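Novice: In the numbering used here, the protein residues as written are 2 to 181.
Please read through the structure below; I'll follow up with questions.
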């Protein structure tokens, strides 16, 4: 009987501890969400003045940015794609440049022999790229192309894109303001 009472008290204490843990986790989650919302408000205005226009891009695979051309990839994400914003000059990564950096990480890992590959940055980059593709949900239609381009509907399709040069101009402007 004494063991049963002790066991019931232990269950009561554990239930109370889990209740307290649940409250603490909910408060922490709420604070994290609030920080994210505050971050979005603070950082979203850095680009509003000159929203990028549109450019036409001819889809031409396999001529530049090959697996073994790291020097061609490097200028695609100046200073690692980082800008500094706000009064505290907090670092942020521009999403487009983060995505390009991730493509370069995957390219770099694929160009190495298996024994020299590092799985962690590649895993991060593959998941980040997947999430960004899903987040943006581009509904433009691409003509289906076989890898060898035999029977392709359009071997050099043209796509309407946001003008990425505006992004690079904004990043360069930020770097001139804060040469870290």
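Note that the Cβ used here is the ideal one computed from N, Cα and C, for glycine as well.
Because the structure is a prediction, the values reported are computed rather than measured.
Where does residue 98 land, buried or exposed, given buried means 16+ other C-beta within 10 angstroms?
Specialist: Counting Cβ neighbours within 10 Å, residue 98 comes out buried, since at least 16 surround it.
Novice: Please tell me whether residue 101 and residue 77 are closer than 9 Å, where the distance is taken between their beta carbons.
Specialist: A contact, by the Cβ cut-off of 9 Å.
Novice: Would you report the Cα separation of residue 129 and residue 21, rounded to the nearest angstrom?
Specialist: For residue 129 and residue 21, the distance between alpha carbons rounds to 34 Å.
Novice: Contact between the region 110 to 129 and the region 85 to 95: three or more CB pairs below 8 Å?
Specialist: No contact exists between the region 110 to 129 and the region 85 to 95.
Novice: What span of residues does the beta strand (DSSP E) with residue 92 cover, start to end?
Specialist: Element bounds for residue 92: 91 to 94.
Novice: Is residue 173 closer than 9 Å to residue 79 when the C-beta atoms are compared?
Specialist: Yes. Within cutoff.
Novice: Spatial neighbours of residue 162 within its chain, please: CB distance less than 7 Å, with the 5 preceding and 5 following residues excluded, ordered by chain position.
Specialist: Excluding residues within five positions, the ones whose Cβ falls inside 7 Å are 55, 56 and 58.
Novice: Please report how far the alpha carbon of residue 1 lies from the alpha carbon of residue 74, in whole angstroms.
Specialist: One cannot answer for residue 1 here, as it falls past the ends of the chain, which runs 2 to 181.
Novice: Any idea if residue 81 is buried or exposed, counting beta-carbon neighbours within 10 angstroms, 16 or more meaning buried?
Specialist: By the neighbour-count rule (16 or more Cβ atoms within 10 Å), residue 81 is not buried but exposed.
Novice: Just to confirm, are residue 107 and residue 127 a CB contact at a threshold of 9 Å?
Specialist: The answer is yes: Cβ separation under 9 Å.
Novice: Compare the C-alpha of residue 178 against each of 125, 86 and 66 and name the closest.
Specialist: Looking at the Cα atoms, 86 is the closest of the given residues.
Novice: Extract the residue ranges of the alpha helix (DSSP H) inside the region 85 to 143, only unbroken runs of 4 or more that lie entirely within it.
Specialist: Here the runs fully enclosed are 96 to 111 and 120 to 137.
Novice: Kindly indicate which three-state DSSP category residue 1 falls into: helix, strand or coil?
Specialist: The structure shown does not extend to residue 1, since the chain is modelled only from 2 through 181, so no value can be given for it.
Novice: Could you tell me if residue 84 is buried or exposed, where buried requires 16 or more neighbouring beta carbons within 10 angstroms of its beta carbon?
Specialist: Residue 84 is buried by the Cβ-count criterion.
Novice: What are the residues that DSSP puts in a beta bridge with residue 58?
Specialist: BP columns for residue 58 point to 160.
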